[in-house]
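Participant: If you scroll down you'll find the structure; I have some questions about it.
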Amino acid sequence: MTLSVSTGQAVDLRVQPVGEVLDRVERSLQVRLLPDTVVRKRRSVGARTDRDTWVRVERRLLDKITDQGWNGTECAARLAGVAQPAWQGCVVWRDADGPVMWRADETELLPGAPVGSAVVSEVPELPDEWWEALNASLDALAAQDTRRVATPDTDTITQELVTESIRGVFPGDFDTTVKRWVPAHADLNWANVTAPVFSLFDWEDWGDAPLGLDSASLWASSLAVPALAGRVRQERRSDFESRDGKLMTLFVCSKILGPYAHPEDPRLEPARRMAEQVIEELQAG
4 MTLSVSTGQA VDLRVQPVGE VLDRVERSLQ VRLLPDTVVR KRRSVGARTD RDTWVRVERR
64 LLDKITDQGW NGTECAARLA GVAQPAWQGC VVWRDADGPV MWRADETELL PGAPVGSAVV
124 SEVPELPDEW WEALNASLDA LAAQDTRRVA TPDTDTITQE LVTESIRGVF PGDFDTTVKR
184 WVPAHADLNW ANVTAPVFSL FDWEDWGDAP LGLDSASLWA SSLAVPALAG RVRQERRSDF
244 ESRDGKLMTL FVCSKILGPY AHPEDPRLEP ARRMAEQVIE ELQAG
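Under the numbering used here, the first residue of the sequence shown is numbered 4, with each subsequent residue one higher.
Given below as structure tokens:
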């Protein structure tokens, strides 16, 4: 099978052929991927195996791989108190035809199905135990120590990135300096959590980030459903009431309202209203 995904450019794995890549993964991990379970996303492909595990394959450009390496899922295996699928092993290689790396991580199966897509349009049925497990995992994660730096959307998060993102959309007289950095998943949305049993997966971008990034990200993923967005803010109240949490609210709103905003995105108006409220609170000190 001919591959056309080895160029040094961003590609969409939902439409590009990946047969040879999956064949290599099977040989290297000595496993068979079940064809009818394959899930294709823009940057990754996943599938169930014949030994009841899950393999996630990602393609990443070399200039998107930082000095800390590209082993987030592997490093997350040591996190205590965080509900996640156990990591089993991996295979990593450089593409022979371009500045591209491939990585396949094998983990145990998820305990349930993903709650939804990255942005949900209806309220999922989540028991109180689910929210308790979410809170316990996020609190346990924030209490860890790591030298990793989070890479949301594959971009290393820095004070400069936070300031530029916020200022690019919300000019105003308020300080954008982050006071507290803690470990974060950095890609927390409804496609990366399971129910009815809570589990958090896709750890490739985790690392230190401003306090409140995960809570704000899940809230942004919920904005099309006001009741769900409200529940997230209620459950993670301490994050949202903190100064850093307010900055992270603006940070995620800047992505919704920024230059790539979609005019029909149902999150536009609630994000705009919340941003105005948060800016007033920051300006008031």
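C-beta: ideal position from N, C-alpha, C; glycine also.
Could you please give the first and the last residue of the uninterrupted beta strand (DSSP E) stretch that includes P262?
Facilitator: From DSSP, P262 is part of no beta strand (DSSP E); its letter is neither H nor E.
Participant: Is it right to say S124 is buried, meaning 16 or more other beta carbons lie within 10 angstroms of its own, or is it exposed?
Facilitator: S124 comes out exposed.
Participant: Under the three-state reduction of DSSP, which class applies to A116: helix, strand or coil?
Facilitator: The answer is strand: DSSP assigns A116 an E or B state.
Participant: DSSP state of S7, grouped into three classes?
Facilitator: Bear in mind that a pLDDT of 43 at S7, under 50, signals an unreliable position, so the number given afterwards is only what the model happens to contain. Reduced to three states, the DSSP call for S7 is coil.
Participant: Straight-line CA distance for W301 to R17?
Facilitator: Examination of residue 301 is not possible in this model, given that the chain is present from 4 through 288 alone.
Participant: Which term fits K182, buried or exposed, when burial requires 16 or more other beta carbons within 10 angstroms of its beta carbon?
Facilitator: K182 is exposed by the Cβ-count criterion.
Participant: Below 8 Å, how does it come out for the region 155-171 and the region 201-216: are there three or more Cβ pairs, yes or no?
Facilitator: In short, these stretches touch, since the Cβ pair count reaches three.
Participant: For Q280, report the span of its alpha helix (DSSP H) as first-last.
Facilitator: Element bounds for Q280: 271-286.
Participant: By DSSP, does W209 sit in helix, in strand, or in coil?
Facilitator: The answer is coil: DSSP assigns W209 none of H, G, I, E or B.
Participant: Would you say the region 189-196 touches the region 261-277, given that touching needs at least three Cβ pairs under 8 Å?
Facilitator: Verdict: no, contact absent.
Participant: Leaving out the 5 sequence neighbours to the left and right, which residues in its chain are closer than 8 Å to L112 when beta-carbon positions are compared?
Facilitator: The residues are R51, D55, T56, W57, P88.
Participant: From E279 to A146, what distance separates their C-alpha atoms?
Facilitator: Cα-Cα distance, rounded: 31 Å.
Participant: Let me know if P186 comes out buried or exposed under the rule of 16 or more other beta-carbons within 10 Å of its beta-carbon.
Facilitator: The residue in question, P186, is buried, as its Cβ has 16 or more Cβ neighbours within 10 Å.
Participant: Quick one, which of L253, T110, E135, R246 has its alpha-carbon nearest V165's?
Facilitator: Among L253, T110, E135, R246, the Cα nearest to that of V165 is on L253.
Participant: Taking the alpha-carbon positions, what's the D217 to D176 distance?
Facilitator: Using only the alpha carbons, I get a separation of about 25 Å.
Participant: Work out the CA separation of W90 and T76 for me, nearest whole Å.
Facilitator: If I take the Cα positions, the gap works out to 7 Å.
Participant: By the 10 Å Cβ neighbour count, where 16 or more other Cβ atoms means buried, how is A136 classified, buried or exposed?
Facilitator: Buried is the call here.
Participant: Roughly how many whole angstroms lie between the Cα atoms of P345 and L203?
Facilitator: No information on residue 345 is available, as it lies outside the stretch 4 to 288 that the chain covers here.
Participant: Quick check on DSSP: helix, strand or coil for V196?
Facilitator: Three-state DSSP puts V196 in a strand.
Participant: Consult DSSP for E61 and reduce its assignment to one of helix, strand or coil.
Facilitator: DSSP places E61 in strand when its eight states are reduced to three.
Participant: Report the option in V42, A198, V255, T149 whose CA atom is closest to the CA atom of P273.
Facilitator: Residue V255 is the option with its Cα nearest to P273.
Participant: Can you tell me whether DSSP reads Q91 as helix, strand or coil?
Facilitator: In the structure shown, Q91 sits in a strand (DSSP, three-state: E or B).
Participant: Since T257 and F173 should fall inside the 8 Å C-beta cutoff, what is the C-beta to C-beta distance between them, to a whole number of angstroms?
Facilitator: The residue you asked about is not Thr; residue 257 is Ser in the sequence shown. Right, their Cβ atoms sit about 7 Å apart.
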